[in-house]
Structure formats: C-alpha cells, structure tokens
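According to full-length UniProt numbering, the sequence shown is numbered sequentially starting from 1.
In this text, a Cβ means the ideal position worked out from N, Cα and C, and glycines have one as well.
First comes the structure, then the notes that go with it.
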Amino acid sequence: MTVSKVYVVGVGMTPFRKPGRDEIDYPEMVREAGKKALDDAGVAYSAIEQAVVGYVYGDSTCGQRGVYELGLTGIPISNVNNNCSTGSTALFLARQLVQGGLADCVLALGFEKMQPGSLTAQFGDREQPLMRHLAALSELYELTAAPMAAQMFADAGREHMAKYGTTAEQFARIAEKNHRHSANNPYAQFQTIYSLEEILGSTMIHEPLTKLQCSPTSDGAAAAILASERFVNEHGLADRAIEIAAQEMVTDTTATFDDRSAISIVGAQMSKLAAQRVYQKSGLTIADVDVIELHDCFSVNELLTYEALGMCGEGEGGGLIDRGDTTYGGRWVVNPSGGLISKGHPLGATGLAQCTELTWQLRGTADARQVPGATVALQHNIGLGGAAVVTMYKKP
1 MTVSKVYVVG
11 VGMTPFRKPG
21 RDEIDYPEMV
31 REAGKKALDD
41 AGVAYSAIEQ
51 AVVGYVYGDS
61 TCGQRGVYEL
71 GLTGIPISNV
81 NNNCSTGSTA
91 LFLARQLVQG
101 GLADCVLALG
111 FEKMQPGSLT
121 AQFGDREQPL
131 MRHLAALSEL
141 YELTAAPMAA
151 QMFADAGREH
161 MAKYGTTAEQ
171 FARIAEKNHR
181 HSANNPYAQF
191 QTIYSLEEIL
201 GSTMIHEPLT
211 KLQCSPTSDG
221 AAAAILASER
231 FVNEHGLADR
241 AIEIAAQEMV
251 TDTTATFDDR
261 SAISIVGAQM
271 SKLAAQRVYQ
281 KSGLTIADVD
291 VIELHDCFSV
301 NELLTYEALG
311 MCGEGEGGGL
321 IDRGDTTYGG
331 RWVVNPSGGL
341 ISKGHPLGAT
351 GLAQCTELTW
361 QLRGTADARQ
371 VPGATVALQH
381 NIGLGGAAVV
391 TMYKKP
C-alpha cells in the first residue's frame with residue numbers, strides 16, 4: 001500500500017452563531033465554509049475526489065445536500081457522526097484516504113444546526129448511547145436534574161478537587177482565559193471578556209461549573225482540504241501546506257468503566273492513549289508543541305486534558321493555569337480561538353474549526369490571535385460514548 005504524507009492545503013469556516021438567531025440553513029453554511037476552503041487552497045471543486053461530512057443532528061444524507069452547493073461531480077460523499085468529535089472523525093477518515101493512496105485530494109467538512117438550550121436525547125424508544133457511562137457514574141455520584149453532559153464533567157471536576165486539592169477558582173480561570181482569547185476571534189460566538197468574579201458569579205449549572213464555564217450550543221460549519229505530497233507539488237501549494245505529522249483516534253477501553261473514576265468516565269484515558277500514540281508516531285513530544293486547540297466543552301475538561309496530554313503530571317493541572325503557562329507569554333497557548341466555551345460548539349464543525357485555527361497559526365496568518373513563531377501544533381477533540389481524536393501538525 002502506498003503511504004503518502006498528508007497536508008492541509010485549504011481551510012475555511014463560518015462564524016459560529018447562537019441557534020435560532022437567524023434563518024441561515026445548513027446548505028448555506030456548508031457552501032460558505034466549503035467555498036472558503038477551496039478558495040484558500042486555490043483549487044476547484046472538480047479536484048476533490050471524495051468528501052467526508054460530519055454532523056450529529058440531521059437526516060441521513062444531509063452531507064450530500066450540503067456539498068451539492070459546491071458542485072455535482074458524482075464523487076463519493078460519506079456521512080459520519082461521532083458525537084462531539086464528529087468533525088475530527090471526518091478529518092481522520094479523509095486523512096486515511098489520502099495517506100493510504102486512495103485519493104490525492106479530499107474534502108473534510110462538518111456542520112451543525114442546533115436547537116437552543118442544553119442537549120437532549122433525540123430518540124425515546126431505544127437505549128441512549130451514554131447509558132453505560134451514566135450507570136458507572138451513578139455508582140460514584142448521585143445523578144440530578146442538571147443537564148447530563150455538564151453533570152458528568154462537573155462530577156469529574158469534583159473528583160479532581162477531592163483527590164488533588166484543585167479549586168473552583170482554577171477551573172474558572174480557564175474560562176476567563178478562553179473568553180479573553182475569543183475577543184480577538186471574529187468567528188467566535190462570544191467575544192466578551194469576563195472577569196474571574198463574573199465567571200464565578202454566573203448561574204451555577206452543577207457545582208463547580210457555572211454557566212460561563214460551559215460551551216454553548218451553536219450553528220456553524222468548517223472545512224479542510226487534505227492533499228497528498230504529489231498533489232501539493234503538482235499544484236504549487238507548498239507555501240500554504242501544513243503537514244499532519246500524526247493522528248490517532250481512540251475509543252473507550254476497559255479503563256473507562258473499571259477505574260471507578262468520573263475522570264475516566266468522561267474520557268481522560270482515551271485522550272491520554274491517543275496522545276501517547278501521536279507522540280510515538282510523529283517523533284514529537286508535548287515539549288515541541290507551541291499552540292494547542294483542545295476540547296474545553298467545560299472548563300473542567302480543559303484541565304483534565306492538560307494532564308492527559310502530558311503537559312503536567314497527574315493532579316498538577318491547576319498549577320499550569322495559575323502560572324499562566326497556557327496563555328500568551330506562557331509555555332503553550334491553549335485555545336487561542338476562545339475554545340468551545342467562547343468560540344462555540346456546533347458539534348459536527350468543532351473539530352474542523354480547530355484544524356482551521358491551527359492551520360492559520362502555523363501559517364502565521366491568525367492576526368491578533370497569532371502565537372509568535374508557532375511551528376508545531378496539537379489538536380484534541382473528544383466525544384463521549386466515545387471517541388478521542390488527537391492530531392499533530394507541523395510547518396514543513
């Protein structure tokens with residue numbers, strides 16, 4: 001089997017918006033994000049050999065309906081759904097097509113048109129996919145009427161506080177950082193800077209998580225065009241190509257349920273294993289990384305992911321945020337886009353929006369958000385149920 005290097009040659013996204021605020025439907029969002037990615041790469045839609053499209057809330061062939069806005073060339077279009085890691089799953093499958101020599105140019109695209117308010121189950125006549133996770137969590141913490149996702153991550157935060165002395169203020173500092181970062185992101189759903197006091201004083205959702213520490217539901221789309229080394233050379237794209245140095249997807253292992261830990265139930269072990277495999281395959285470590293986009297669906301998960309990625313030891317995540325190690329002037333810049341908490345979280349688009357931000361960072365075109373001298377970037381996207389995708393990018 002031919003194995004090719006894989007490059008991101010074009011990216012694009014829509015602004016992320018609060019659901020119900022306008023009449024923009026998903027075909028329009030797909031058209032905007034896809035056209036931006038094609039224009040960014042400087043290639044025509046006719047060059048795309050396959051497309052992988054991710055979304056969580058939609059009917060069976062929404063991917064086709066959306067991509068038809070870009071052209072009707074008869075290419076294979078596959079639809080994927082992996083909860084909150086759907087966008088990165090589309091990226092993962094597109095990368096496999098190129099790396100395996102099955103295609104030279106593939107479109108990965110994700111979108112979501114969501115309902116306002118907390119996520120709820122869509123089908124009442126069958127077991128929900130998180131029932132096994134919730135059953136394991138109920139053995140550790142009493143389940144309440146709070147939104148289920150927030151409750152799961154809040155309980156993981158409470159466990160971290162009990163085991164390591166982490167404070168509610170440290171979790172809130174993560175949200176303060178991400179809201180501050182998003183003020184420089186014109187694509188972000190929220191661009192308001194909040195003080196630590198405002199974040200701690202906002203509505204309590206499930207202790208220790210307040211409203212301003214939770215990602216919102218969002219509408220939006222994002223896209224990336226992946227290409228082989230041959231395609232890059234033939235089309236003169238070397239000046240804008242960003243290499244995917246390694247990428248891994250991990251689903252739940254026995255540790256999720258056997259550890260008797262809320263931290264494991266919300267995917268920390270998946271993230272850790274995916275990161276370890278990426279470091280091994282890429283020959284790079286977390287010490288080589290300059291900028292990170294990670295899955296801060298809730299402030300708690302950002303702190304848990306610091307530890308899963310090896311940015312610090314177990315139980316030491318709070319120290320990173322206290323020292324300023326995860327913002328401008330620190331060791332890494334984490335979520336320069338504002339992250340899910342402030343940029344927004346349209347489930348199918350999130351992973352590809354992360355890819356878009358990191359591509360801009362490594363090209364040096366992230367404007368006011370630019371991390372000086374960034375040459376290596378790391379992406380982390382997780383969906384409960386579950387799948388964690390970790391991707392290492394580098395400037396060739």
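How many angstroms separate the CA atom of residue i from the CA atom of residue j?
i: A136; j: F257; result: 6 Å
i: E49; j: V333; result: 35 Å
i: G385; j: L130; result: 6 Å
i: V30; j: L70; result: 8 Å
i: A51; j: G319; result: 42 Å
i: I75; j: Q276; result: 35 Å
i: residue 472; j: G42; result: Past the boundaries of the shown model lies residue 472; the chain is included only from 1 to 396, so the question cannot be answered.
i: T144; j: T327; result: 34 Å
i: E293; j: G324; result: 16 Å
i: V11; j: E314; result: 35 Å
i: G66; j: Y26; result: 7 Å
i: T227; j: D239; result: Looking at the sequence itself, residue 227 is Ala, so the reference to Thr does not match. Taking the straight line from one Cα to the other gives about 14 Å.
i: T285; j: V278; result: 9 Å
i: T253; j: I263; result: 13 Å
i: L362; j: C297; result: 24 Å
i: G124; j: D40; result: 43 Å
i: K36; j: M13; result: 7 Å
i: Q58; j: Q64; result: For the record, residue 58 in the displayed sequence is Gly; it is not Gln. So the alpha carbons of these two residues sit roughly 12 Å apart.
i: I205; j: N381; result: 23 Å
i: A149; j: G317; result: 21 Å
i: G344; j: R230; result: 36 Å
i: Y164; j: L107; result: 43 Å
i: V390; j: A94; result: 15 Å
i: D219; j: R21; result: 9 Å
i: H295; j: T192; result: 20 Å
i: Q370; j: A47; result: 31 Å
i: G100; j: F92; result: 12 Å
i: T251; j: P15; result: 30 Å
i: A377; j: S138; result: 37 Å
Contact check, residue i vs residue j under 8 Å by CB: the rounded distance?
i: D322; j: Q170; result: 7 Å
i: M270; j: A388; result: 4 Å
i: M114; j: P346; result: 6 Å
i: A90; j: L109; result: 7 Å
i: V9; j: A241; result: 5 Å
i: A154; j: P208; result: 6 Å
i: G87; j: A222; result: 7 Å
i: K5; j: E243; result: 6 Å
i: G348; j: G157; result: G348 to G157, Cβ: 26 Å. No contact.
i: L200; j: A172; result: 5 Å
i: M152; j: A245; result: That pair is no contact at about 32 Å.
i: T166; j: H160; result: 5 Å
Comparing the CB of residue i with every heavy atom of the ligand SAM, is any distance shorter than 7 Å?
i: I321; result: The model depicted lacks the ligand SAM and carries no ligand whatsoever.
Can you tell me which residues form a DSSP beta bridge with residue i?
i: Q64; result: DSSP lists no partner for Q64.
i: Q379; result: E293 and T391
i: W345; result: It is His, not Trp, that sits at residue 345 in the sequence shown. Paired residue(s): T217.
i: T10; result: The identity of residue 10 in the sequence shown is Gly, whereas the question assumes Thr. Paired residue(s): I225.
i: V333; result: V291
i: R17; result: D219
Check each candidate in the options and name the one with the smallest Cα separation from residue i.
i: A175; options: G201, C214, A150 and Y187; result: C214
i: A308; options: E357, Q379 and G338; result: Q379
i: K211; options: L130, Q247, I242 and V300; result: V300
i: L358; options: C312, D296, D290 and D325; result: D290
i: S78; options: T203, S60 and S202; result: S60
i: N185; options: E248, G165, G329 and A353; result: A353
i: C62; options: V80, E248 and L72; result: V80
i: H235; options: K35, C355 and C105; result: C105
i: V232; options: P396, F16 and R17; result: P396
i: L237; options: I225, Q247 and A245; result: I225
i: A188; options: R369, L97, G338 and R158; result: G338
i: R180; options: R17, A274, C84 and I341; result: I341
i: D288; options: R260, Q247, T167 and R331; result: R331
i: Y141; options: M249, P15 and S261; result: S261
i: S282; options: K394, T217, P19 and T350; result: K394
i: N83; options: Y7, L72, L273 and F111; result: F111
i: I265; options: W360, G329, G383 and P216; result: G383
**OP:** Just list the beta strand (DSSP E) runs in the stretch 82-165, keeping only unbroken ones of 3 residues or longer that don't cross its boundaries, in chain order.
**Re:** For the stretch 82-165, whole beta strand (DSSP E) runs of length 3 or above, ordered along the chain, are 105-112.
Original post:
In chain order, which beta strand (DSSP E) runs of at least 3 residues are fully inside the stretch 201-250?
Top reply: Within the stretch 201-250, the complete beta strand (DSSP E) segments at least 3 residues long are 204-206, 220-228 and 242-250, listed from N- to C-terminus.
Original post:
Where in the stretch 263-309 do unbroken runs of the beta strand (DSSP E), each at least 3 residues long, occur, reported from the N-terminal end onward?
Top reply: You should have 291-293.
Original post:
Can you list the beta strand (DSSP E) stretches of 3 or more residues lying completely in the stretch 28-82, in chain order?
Top reply: Whole beta strand (DSSP E) segments, 3+ residues: 50-54 and 77-80.
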